[in-house]
Amino acid sequence: MPLRAAAWCLSTTALAACAPAPAPAHAQAPAAAPADTARPLAEFASRPLALVPVQLLGSGDSLGFAAQVNNAGAFLASIDDEIAFALSQRRTARQWQMPPVLARRMRSNGPYGVDVHDMGAGPLRDPKLKGDLPLPDPLASNLRSLVALGGEARYVLIPVEVTFAGAKGAGRAVLKLVLVDARSARLVWVGVVATDPVARVTPAIPAMLGARVADLVTAP
337 MPLRAAAWCL
347 STTALAACAP
357 APAPAHAQAP
367 AAAPADTARP
377 LAEFASRPLA
387 LVPVQLLGSG
397 DSLGFAAQVN
407 NAGAFLASID
417 DEIAFALSQR
427 RTARQWQMPP
437 VLARRMRSNG
447 PYGVDVHDMG
457 AGPLRDPKLK
467 GDLPLPDPLA
477 SNLRSLVALG
487 GEARYVLIPV
497 EVTFAGAKGA
507 GRAVLKLVLV
517 DARSARLVWV
527 GVVATDPVAR
537 VTPAIPAMLG
547 ARVADLVTAP
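This is how it looks when you write it as structure tokens:
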């Protein structure tokens, strides 16, 4: 797995969860491929698209999983790494601008650049969010600045938030994603991906989420 995956290693109360798995999730046999209709991002596989970093980590889940993450920023960055890894392994999304590239471009634009780690994505957490709705500021203005300064991409994929859900003793990490037309500041698509059930937070979670995001684009 990418090296940064271990940097968020857990709080002392869950240190055992950092023990390496027998094999990284992206090295295991892939799950059965969903139907083509389950690949809503397939049409963007060969188109310019800006992929911003995962924006938020939910807290207060009944499983206590979020509390096991000692460094939220490093944990979210490890998911960014795994998404990029999974896409590169499948030789797809080659015209996508990945988070590190976007971050460098924004920094190079000084005061005109936006913070790609804080796009103002809070309103996108709304569970009632639906497609073709106008986006509020500052998110809308940040998106317009991002595509104006960041290259050819008109569409932006926003991994909005990682949350944890499930019954006692077994939970899943769930990543909400939103695709937006940055120029018109409107929603195009809203969806979620989730890991297999896990008993605790481990470095396999970012790898599983990365693979699930890649599944939205192309088959394993």
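Every number in the numbering used here is 336 more than the matching position in the sequence shown, counting from 1. Built from N, CA and C at the ideal position, the CB exists for glycine as well.
Candidates the options: closest to residue i by CA position
i	options	result
PRO533	LEU399, SER477, VAL390 and ALA378	LEU399
GLN433	GLY486, ARG443, SER444 and ALA403	GLY486
GLY507	ALA378, ALA518 and ALA402	ALA402
ARG519	ALA476, ARG443, ARG440 and MET442	ALA476
PRO556	GLY396, ARG426 and GLY467	ARG426
VAL409	GLY396, GLN391 and ILE541	Residue 409 is actually Gly in this sequence, not Val. Of the candidates GLY396, GLN391 and ILE541, the one whose C-alpha sits nearest the C-alpha of GLY409 is GLN391.
GLY502	ALA535, PRO474 and ASP473	ALA535
PHE500	ASP473, ILE541 and PRO474	ILE541
8 Å Cβ cutoff met for residue i and residue j
i	j	result
THR538	ALA509	no
VAL450	SER481	yes
VAL526	LEU377	no
LEU465	VAL516	no
GLY458	VAL524	no
LEU469	VAL514	no
LEU479	ALA521	yes
LEU393	PHE411	yes
Segment limits, alpha helix (DSSP H) that includes residue i
i	result
VAL437	435-444
SER481	475-486
GLN425	408-425
ALA547	540-551
Beta-bridge pairing of residue i - partner residues as DSSP gives them
i	result
GLY300	Since the first residue of the chain shown is 337 and the last is 556, residue 300 is not available in this structure.
LEU493	LEU387 and LEU515
ALA530	VAL510
ARG522	PRO470 and ASP517
Residues of its chain near residue i, where Cβ-Cβ distance is below 7 Å and the 5 sequence neighbours each way are ignored
i	result
GLY323	Beyond the ends of the chain as shown, which are 337 and 556, falls residue 323; an answer cannot be given.
VAL388	PRO435, LEU438, VAL452, MET455, VAL492 and ILE494
PRO463	none
ALA489	PRO384, LEU385, ALA386, GLN433 and VAL483
VAL382	One point to set straight first is that residue 382 is Ser, not Val, in the sequence displayed. Taken in chain order, the residues that qualify are GLN431.
GLY505	ALA535
Contacts around residue i, its chain only, beta-carbon distance under 6 Å, and the 5 residues preceding and following it disregarded
i	result
LYS512	VAL496, GLU497 and VAL528
Any chain D beta carbon closer than 8 Å to residue i
i	result
ALA521	No chain D appears in the structure shown, which is made up of a single protein chain.
Other residues of its chain near residue i: CB distance less than 8 Å, five sequence neighbours each side excluded
i	result
ASP397	THR499, PHE500, ALA501 and GLY507
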